[in-house]
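A.B. asks: Quick note: the sequence shown, position 142, residue 146 per the numbering used here, numbers continuous.
Cβ coordinates follow ideal geometry from the N, Cα and C atoms, glycine included.
Pasting in a structure now, in structure tokens, and then I'll have a few things to ask.
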Amino acid sequence: MTVQIRAIAIYSHDGERRDVRFNLGALNIVTGASKTGKSALLDIVDYCWGRSECTIAEGEIRRGVSWFAVLFDHDGEGILIARRNPGSAGKASDEIYFARNADNFPETTASLVKNSTADGLRQRLSAILGVAENLYVPEPGATRRPLEASAGQAIFFCLQNQDEIANRRLLFHRQGEERIPQAIKDTLPYFVGAMGEDHYLKQKRYEDARRRLRSLERDYADARALADEASGTARNLLQEAKRIGLLPLDVLAESLEGVRSLLGQAAAPRSLEYAKTDDPAADLTDLEDRRRRIRSELQELRDEIKDLQRLTREASDFEAEAGEQQARLASIGLVGHGAEGHETCPLCDSQLAVAVPSVDEIRRSLDRMDRQLSAVRRDNPRLQGQIAELETKRTTLEEELTIVQRDITTRIADNERLRIEQDLFTEQARVAGRIGYYLENARTLSDGEGLRLQIARVRAEVVELETALDQEAMEERLTTALSLVGRDITEYASRLQLEHGENSLRLDRKNLTVVADTVHGPLSLPQIGSGENWVGYHVAAHLALHKLFRTLDRPVPAFLMLDQPSQAHYPKDKDLGEISGAEDEDQAAVARLYRLLFEYCTTMAPNMQVIVADHVDLLQAWFRTSTVQRWRDGIKLVPMTWLR
């Protein structure tokens, strides 16, 4: 499959269109004066291919153009890619239009509506080129990530702008940018066919087989470790199972299999039976509340008994004291019972002229005392009865308090027993889990023979895939491919009469340069002098690579764009005009270069297209036939009317 360029178009801000058309499978020359926009053609292709930066120089093109467009040819199918001009200050635009089966450019920009992103565009171009699923994995220990070859790297082999084609240190497009050289090195094996189309699938299968092998080897190592510790571990678990009641204390086992059998019984699921209490409805909180209530009632009852007992004691004391006083008065007859008034002397019974008030009062006091003693003697039996009744209640409450206290003690004991049982069940569950883990690994150990067979099969698969992915074999294929490229570089260098072209030449993948193997040692491009040699070796290397790409039908665009290859002989900004190609050595060298390009395209036709932008114009028929544009006498890429 080939991808070439049918035409490049630009649109003005008013919607006008300017086309530059090319011939497929042939040499296409755009010649003209300096500053006519020739170099912009390469930058437009690079930009529309999905580059993240628009490198078109600031000036008339950036000011006068609204959209850039490229019409590619994919084995007869038109692929249209258009991208908006980011403007004078812009880096890039994300407005990209992509269309397949396009016959020509749209007349205006009205239909150029964004339908793709830069990443999506590169993915579509990779699919069009036929880039298979691939992945280059760096050597062990490398810090860079694996890289997938895509259309983004393929374009590096198709473009040579005027600052690159004569550069002795840079051989490929954008080689001077960060990470680009390594990307070219890593993807070159795929593009030259050293890495097979199924390499990525084999790589994935290999990585999967390696993971499975490591997993099986870990399982087998664990199984072997368990085998070494099986006897001691199993017997320790058996003793622990006996200690916590998972097995009877008197069970014995002579062999390891017998121990495992007992451990299987210990690890079997079992129902949990907690201890029952006599009164399931009894609750410790209720019992404590009940105890507090009884204690409160009992205290109140005791206080009441104390009050009655104190009252009884006080009455008894009063009765005793009053009786004693009454007895003393009565014994001496101090006060007569029949005496009335206070006129009679209490000692001699004689009549007094003046009554004695205190005697009457004493008599009344004795009467009141008699009445009070009678009341005390009358109430005392009732107080004793109340005290006896309260004592009975107190006895009942004390008995009830004793029962509640006993129930509380019982409940606390039951709870402690339940806690102990729960702790035991927890410990049994933990040990049963350990036993289950051990038995599971013991079953893996019993399948050790099966593991060994699986490891052998997977290891054989890994060895087979390693053979298919042999890095040395891939390097040998890469060496062969680069040898073919070096052979063609040598041929083209000889035809261009380059310095050291008579020696064997090769493409140095490590340093991305051309090396001449001389009798005095290898010479790389920076060591070879003159701009003519640098341009010549750039052209020879790219022609040789594309010859290999086309021979192997590799997914690289089948076009090569060269900008100002004659600059080594004539200033880049000089409009040389028409030359015969034979007047001096410079003209002869330029003629040889273009003749090589013409014959190369003729030989490779229709599978290779070369587009050259330059300011020379050879007065030879084949050159005139290959010239598709002449921009002189005011003719430029951007019409002057667009800038008014």
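1. Confirm, please, whether the CB-CB distance from Ile615 to Ala544 is below 9 Å.
2. List, from N- to C-terminal side, the beta strand (DSSP E) runs of 3 residues or more that fit wholly inside the segment 526–604.
3. What is the C-beta distance between Ile12 and Ile48, in whole angstroms, given that I count them as a contact (C-beta under 8 Å)?
4. Can you tell me whether Glu536 is buried or exposed? The criterion is at least 16 other CB atoms within 10 Å of its CB, across all chains shown.
5. Does the segment 553–562 come close enough to the segment 126–134 to have 3 or more Cβ pairs within less than 8 Å?
6. Whole angstroms are fine: how far does the CA of Gln568 sit from the CA of Leu622?
7. Go to Val519, then tell me how far its beta strand (DSSP E) extends in each direction, as first and last residue.
8. Using the rule of at least 16 other Cβ atoms within 10 Å of the residue's Cβ for burial, across every protein chain shown, is Arg178 buried or exposed?
9. Distance check for Ala198 and Trp635, CA to CA, integer angstroms please.
10. Between Ala272 and Ala245, is the Cβ-Cβ spacing less than 9 Å?
11. With DSSP as the reference, label Thr400 as helix, strand or coil.
12. Starting from Val49, trace the alpha helix (DSSP H) both ways and give me its first and last residue.
13. Check whether the Cβ of Asp567 lies closer than 8 Å to any heavy atom of the ligand FMN, and answer yes or no.
14. Are the CB atoms of Cys58 and Ala96 nearer to each other than 9 Å?
15. Which same chain residues end up closer than 7 Å to His341 when comparing Cβ atoms and leaving out the 5 residues on each side of it in sequence?
16. According to DSSP, is Val117 helix, strand or coil?
17. Which residues in the same chain have their Cβ closer than 6 Å to the Cβ of Leu502, if we skip the five residues on either side of it in sequence?
18. Can you tell me whether Asn89 is buried or exposed, with buried defined as 16 or more other CB within 10 angstroms of its CB?
19. Could you check whether Ile60 and Phe76 sit closer than 9 Å to each other, using their CB atoms as the reference points?
20. Could you pull the start and end residues of the beta strand (DSSP E) that Ser16 belongs to?
21. Between Arg599 and Thr6, is the Cβ-Cβ spacing less than 9 Å?
22. Pro530 and Thr517: beta carbons closer than 9 Å?
23. Using C-beta distances below 6 Å, list every residue in its chain close to Ala153, excluding the 5 sequence neighbours before and after it, in chain order.
24. Using beta-carbon positions only, say whether Glu420 and Ile248 come within less than 9 Å of one another.
25. Quick test of your reading: Gly36 and His619, contact by CB under 8 Å. State the CB separation rounded to the nearest angstrom.
26. Cutting at 8 Å between CB atoms, please list the residues of its own chain near Ser508, excluding the five before and the five after it.
27. Whole alpha helix (DSSP H) runs in the segment 78–128 with 4 or more residues, listed along the chain?
28. By the DSSP assignment, the alpha helix (DSSP H) with Asp190 in it spans what residues?
29. Rounding to the nearest angstrom, what Cα-Cα distance links Leu549 and Glu20 in this structure?
30. Whole angstroms are fine: how far does the CA of Leu251 sit from the CA of Thr413?
31. Taking the alpha carbon of Phe109 as the point to measure from, which residue in Val467, Ala86, Arg461 and Gly440 has its own alpha carbon closest?
32. Considering only the alpha carbon of each residue, which of Gln624, Glu301 and Leu241 lies closest to Thr400?
33. Could you check what DSSP says for Arg214 in three-state terms: helix, strand or coil?
34. Identify every residue that forms a DSSP beta bridge with Arg2.
35. CB Tyr210 to CB Val462, shorter than 9 Å?
36. Would DSSP call Gly36 helix, strand or coil?
C.D. replies: Reading it off the structure:
1. no
2. The qualifying runs are 563–567 and 581–583.
3. 6 Å
4. buried
5. yes
6. Straight-line Cα distance between these residues: approximately 14 Å.
7. That run of the beta strand (DSSP E) goes Thr517 to Thr522.
8. buried
9. 43 Å
10. no
11. Helix.
12. Lys42 to Cys52
13. This structure lacks the ligand FMN, and indeed carries no ligand of any kind.
14. yes
15. Here the model assigns His341 a pLDDT of 48, short of 50, so the residue's position is not dependable, and the following value carries that caveat. Taken in chain order, the list of residues that qualify is empty.
16. coil
17. Asn537 and Gly540
18. buried
19. Taking C-beta atoms as the reference points, Phe76 and Ile60 fail to come closer than 9 Å.
20. Val7 to Ser16
21. no
22. yes
23. Asn138, Thr191 and Tyr194
24. no
25. Right, the Cβ-Cβ distance comes to about 6 Å (below 8 Å), so this counts as a contact.
26. Gly490, Thr494, Ala520 and Asp521
27. Within the segment 78–128, no complete alpha helix (DSSP H) run reaches 4 residues.
28. Ile184 to Phe195 is the span of the alpha helix (DSSP H), which, as asked, contains Asp190.
29. 39 Å
30. 33 Å
31. Ala86
32. Glu301
33. helix
34. Missing from the structure shown is residue 2; the chain here goes from 5 to 648 and no further.
35. no
36. Annotated three-state conformation of Gly36 is strand, per DSSP.
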